[in-house]
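Note sheet for the following structure.
Residue numbers (our numbering): 2 to 168.
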């Protein structure tokens, strides 16, 4: 699942990452040009989140996306509104192969899928895709079959079910 995301979004490590030198110090940006993508820590990746809009551009987001999704799957980053917005924007601008890889990632990562249901954007292609019985079934099965920390999977299942029933 995550290997496919890395493959589909494969981009060479940037030699330079633009940043606002009033908002961000060069040391915070240096790992993005010196550390292999798969070795970036959640702390390093969070620097991008903390300084969003002042580091990188759309190409940089596409480069970083596989690592963000991997860290979410590993539980090292929270599937919060910021990351989900970036994923949704990249999905919306992606080609069919990229969209499919993102969708497959969510189906294989129930906790990220729950985050998307709970905190994802209200409109857009990824939100439209989300409102299908297949995604509802994944959440239901995950909530019933395994641990459900803090009832997150159950809550997302109920929210998605309500959205589907209101159509």
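We treat Cβ as the ideally placed atom computed from N, Cα and C, and that holds for glycine.
For residue 80, no alpha helix (DSSP H) segment is defined, and its DSSP state is neither H nor E. In this structure the region 55 to 62 does not touch the region 95 to 103; the number of beta carbon pairs closer than 8 Å is below three. Cβ contact annotation for residue 73 (same chain, cutoff 6 Å, sequence separation greater than five): 80, 113, in chain order. Across the set 120, 10, 142, 140, the C-alpha of 120 shows the shortest separation from the C-alpha of residue 84.
With respect to the 7 Å criterion, residue 30 and residue 20 are classified as neighbours on the basis of their beta carbons. The alpha-carbon separation between residue 67 and residue 139 amounts to approximately 22 Å. Closest by C-alpha distance to residue 102, out of 124, 70, 116, is 70. Contact between residue 89 and residue 125 is confirmed by a C-beta separation of about 5 Å, below the 8 Å threshold. Counting of Cβ neighbours within 10 angstroms places residue 77 among the exposed residues, the total staying below 16. One alpha carbon belongs to residue 154, the other to residue 62, and they sit about 27 Å apart. Judged by DSSP in its simplified three-state form, residue 61 adopts helix. For residue 158, the enclosing alpha helix (DSSP H) has its first and last residue at 153 to 166.
Per DSSP, the unbroken alpha helix (DSSP H) holding residue 116 starts and ends at 111 to 120. With a cutoff of 7 Å on beta-carbon distance, residue 145 and residue 161 are scored as not near each other.
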